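*Asks:* A single structure is presented below for examination.
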Amino acid sequence: MSDWQKVCSVTDIQLGKWYQTDLDGTIVVIYNLDGQFFAIEDMCTHDGAILSGCPLEGDEVVCPRHGARFSVKTGEALSAPAWEATATFPIKIENDNILIRDGRWD
325 MSDWQKVCSV
335 TDIQLGKWYQ
345 TDLDGTIVVI
355 YNLDGQFFAI
365 EDMCTHDGAI
375 LSGCPLEGDE
385 VVCPRHGARF
395 SVKTGEALSA
405 PAWEATATFP
415 IKIENDNILI
425 RDGRWD
């Protein structure tokens with residue numbers, strides 16, 4: 325289990341926008357969906373493309389290479405050619421700061 329890492333302020337990520345950060349060597353993208361924050365690994369599980377900066381359609385991000393869709397909320401792969409979910413990371417808000425940690429190995 326990793327420790328909580330401060331990433332940015334909640335005001336740094338406007339509604340419908342994203343923020344990319346490095347979490348112990350893993351690139352993570354945090355999305356602001358209607359004032360709720362979600363963090364996923366910034367990688368398409370089909371071919372390794374970066375997802376940050378890609379179009380958001382509701383709560384789905386669309387990979388630029390082959391159109392695979394992922395849920396920003398759950399990391400679930402929602403369409404071919406991706407079948408494997410991308411990792412998600414827990415978020416907590418303290419004093420208007422966004423903190424994340426890598427809970428994959430808990």
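Our numbering puts the first residue of the sequence shown at 325, with every later residue one more than the last. For each residue, glycine too, the CB sits at the ideal point set by N, CA and C. Quick caveat: nothing in here was measured; it's all calculated off a predicted structure.
(1) List the whole-angstrom C-beta distance separating Tyr343 from Ile337, where the pair is believed to meet the contact cut-off of C-beta under 8 Å.
(2) Buried or exposed for Asn356, going by 16 or more other Cβ atoms inside 10 Å?
(3) Leaving out five residues before and five after Arg389 in sequence, what residues of the same chain have Cβ atoms less than 8 Å from its Cβ?
(4) Could you pull the start and end residues of the beta strand (DSSP E) that Cys368 belongs to?
(5) Terminal residues of the continuous beta strand (DSSP E) containing Asn421?
(6) Helix, strand or coil, according to DSSP, for Asp346 in the structure here?
(7) Just reading off the beta strand (DSSP E) that Glu384 is part of, what are its end residues?
(8) With DSSP run on the structure shown, which of helix, strand or coil describes Val334?
(9) Using a Cβ-Cβ cutoff of less than 6 Å, which residues in the same chain neighbour Leu339 once the five nearest sequence positions on both sides are dropped?
(10) Take Phe362 and list the residues in its own chain whose beta-carbon comes closer than 6 Å to its own, dropping the five residues that flank it on each side.
*Replies:* To lay it out plainly:
(1) Start at 1 with the first residue of the sequence shown, and residue 343 comes out as number 19. Start at 1 with the first residue of the sequence shown, and residue 337 comes out as number 13. That belief holds up - the Cβ atoms of Tyr343 and Ile337 are roughly 5 Å apart, short of 8 Å.
(2) Taking the first residue of the sequence shown as position 1, residue 356 is located at position 32. Classification for Asn356: buried.
(3) As a first step, residue 389 must be located in the sequence shown, where it is residue number 65. Excluding positions up to five away in sequence, the list reads Cys368, His370, Asp371 and Ala373.
(4) Translated into positions along the sequence shown, residue 368 becomes position 44. Note, Cys368: premise wrong, no beta strand (DSSP E); not H, not E.
(5) For this step, residue 421 is matched to residue 97 along the sequence shown. Taken as a continuous stretch (DSSP letters only), the beta strand (DSSP E) holding Asn421 covers Asn421 to Ile424.
(6) Here residue 346 corresponds to residue number 22 of the sequence shown, with the count starting at 1. The answer is strand: DSSP assigns Asp346 an E or B state.
(7) For the purposes of this step, residue 384 is taken as the residue at position 60 of the sequence shown. Taken as a continuous stretch (DSSP letters only), the beta strand (DSSP E) holding Glu384 covers Glu384 to Val386.
(8) Residue mapping note: residue 334 aligns to position 10 of the sequence shown, counting from 1. The answer is helix: DSSP assigns Val334 an H, G or I state.
(9) Numbered from 1 along the sequence shown, position 15 holds the residue referred to as residue 339. Hits under 6 Å: Asn356.
(10) Residue numbering aside, residue 362 sits at position 38 when the sequence shown is read from its first letter. So the qualifying residues of the chain are Tyr355, Val396 and Lys397.
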